[in-house]
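When we follow the numbering used here, the leftmost residue of the sequence shown carries the number 2, and every step to the right adds one.
Where is the CB? At the ideal position from N, CA and C, for every residue including glycine.
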Amino acid sequence: SSSKIKVDLDSSNGVAIMQFQSPPVNSLSLDFLTEFAINLEKLELDRSCRGVIITSAQPKVFSAGLDILEMYKKSPEHCAEFWKAVQDAWLKLYGSTKVTIAAINGSSPAGGCLLALCCDYRIMADNPRYNIGLNETQLGIVAPFWFKDTMTNVVGHRETEKGLQLGLLYSAPEALKVGLVDELVPEDKVLSTATETMTKWLAIPDHARQISKSMMRKPTIDKLLANREADTTNFVSFTTKDSIQKSLGLYMEMLKKRKS
Ligand code: CO8
């Protein structure tokens with residue numbers, strides 16, 4: 002199969018490295034998200050796996066976030082299917098019992114930031130040109146409550162309130178300052194630092210760490226589980242509005258113009 006994600010499980014230490022390899026920018030399409038969820042599910046069920054590192058095989062970009070083309074000029078049915086896949090990927094990563102570390106070796110806007118925020122620890126390349134944040138409002142769209150909750154759980158209410166309203170994309174140094182990432186390292190050390198950090202986290206007995214993780218995250222997860230249908234309905238009715246379609250169209254145009 003033409004795989005968008007490469008997974009290497011090292012049987013000597015139980016650490017899986019999951020590399021996003023969907024050029025040009027690892028946008029989170031329906032196919033990508035489905036493959037991501039399947040891979041996570043497989044690792045979750047694999048007792049020899051104890052930790053997962055997610056990173057990008059593309060230069061300069063960790064993930065460009067949700068694939069805008071999956072929400073642009075698509076049927077309500079398609080939008081609903083896509084949104085369920087976004088929810089499912091979040092539920093699997095945020096709820097993973099494994100140690101999860103994001104090795105953020107490039108820019109990580111919107112849905113890319115969400116994936117990183119779902120991990121237990123974030124290491125980013127020390128490059129001020131890379132940025133990360135929930136920039137949805139800049140596209141004229143609104144991050145749903147569980148994106149907001151995920152960010153609040155990492156950086157707190159005040160920074161989330163500011164970051165979400167302004168659609169802030171934080172440069173790597175700014176992201177470190179507000180706690181959106183835990184550590185900056187030179188670009189060529191991102192993966193090796195993730196591996197070293199993993200060793201520290203894996204020194205803790207799994208069951209105790211897993212229960213602690215679940216204690217911290219369960220209320221946030223339960224909130225989406227209790228509102229999943231309504232959240233999907235809300236996404237579909239919002240996304241298919243003419244005004245929102247127009248905003249998405251203009252944003253895509255802006256991305257293309259910016260190149261030349
Ligand atoms: N979806 C689809 N296509 C994309 C996306 C995307 N998210 N991002 C980039 N592309 C396309 C570009 O249009 C371009 O296409 P083409 O080659 O045909 O012109 C190609 O990918 C390469 O992009 P760039 O030339 O821009 O690549 P750079 O390396 O210069 O920059 C960036 C990489 C920084 C990632 C840049 O592409 C960027 O900023 N992308 C937009 C990121 C963004 O704002 N994403 C938001 C997506 S929305 C989301 O994730 C959450 C939605 C929550 C739901 C809301 C409820 C309604």
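Exercise. If you compare alpha carbons, which of M72, T56, T194 and G157 is closest to S248?
Worked result: Minimum Cα distance to S248 is reached at M72.
Exercise. Between S64 and S12, what straight-line distance do the alpha-carbon atoms span, to the nearest angstrom?
Worked result: The C-alpha of S12 is placed about 27 angstroms away from the C-alpha of S64.
For this session: Answer with buried or exposed for K5, where buried requires no fewer than 16 other C-beta atoms within 10 angstroms of its C-beta.
Result: With 16 or more other Cβ atoms within 10 Å, it is buried.
Exercise. According to DSSP, what are the bridge partners of K7?
Worked result: Note: K7 sits in a beta bridge opposite Q20.
Exercise. According to the neighbour-count rule (16 or more other Cβ atoms, all chains shown, within 10 Å of its Cβ), is K99 buried or exposed?
Worked result: Counting Cβ neighbours within 10 Å, K99 comes out buried, since at least 16 surround it.
Exercise. Nearest-angstrom Cα distance between I133 and N14?
Worked result: Rounded to whole angstroms, I133 to N14 spans 30 angstroms at the Cα level.
For this session: Measure the C-alpha to C-alpha separation of V143 and N235 and round it to an integer number of angstroms.
Result: When the Cα atoms are used, V143 and N235 turn out to be separated by approximately 11 angstroms.
Exercise. In this structure, does DSSP put K242 in helix, strand or coil?
Worked result: Shown here, K242 sits in coil according to DSSP, grouped into three states, outside any helix or strand.
For this session: Please determine, among G180, N128, E36 and Q59, the residue with the shortest C-alpha to C-alpha distance to F290.
Result: What the structure shows of the chain is the stretch from 2 to 261, and residue 290 is not part of that stretch, so it cannot be assessed.
For this session: Taking only heavy atoms of the ligand CO8 into account, decide whether any of them is closer than 8 angstroms to the Cβ of D32.
Result: At a cut-off of 8 angstroms, the beta-carbon of D32 does not count as near the ligand CO8: no heavy atom of the ligand is closer than that.
Exercise. If you measure from the CB of K265, is any heavy atom of the ligand CO8 nearer than 8 angstroms?
Worked result: This structure gives no information on residue 265, because the portion of the chain shown stretches from 2 to 261.
Problem set entry | Straight-line gap, Q211 to K257 (C-alpha atoms, nearest Å) | CA-to-CA, the gap between Q211 and K257 works out to about 44 angstroms.
Problem set entry | Buried or exposed (CB count within 10 angstroms, at least 16 for buried), E137 | Classification of E137: buried, given that the 10 Å Cβ count is 16 or more.
For this session: Starting from the C-beta of T101, find all residues in its chain whose C-beta is less than 6 angstroms away, skip the five residues before and the five after it, and write them out in chain order.
Result: So the list reads V53, C120 and D121, once near-sequence residues are dropped.
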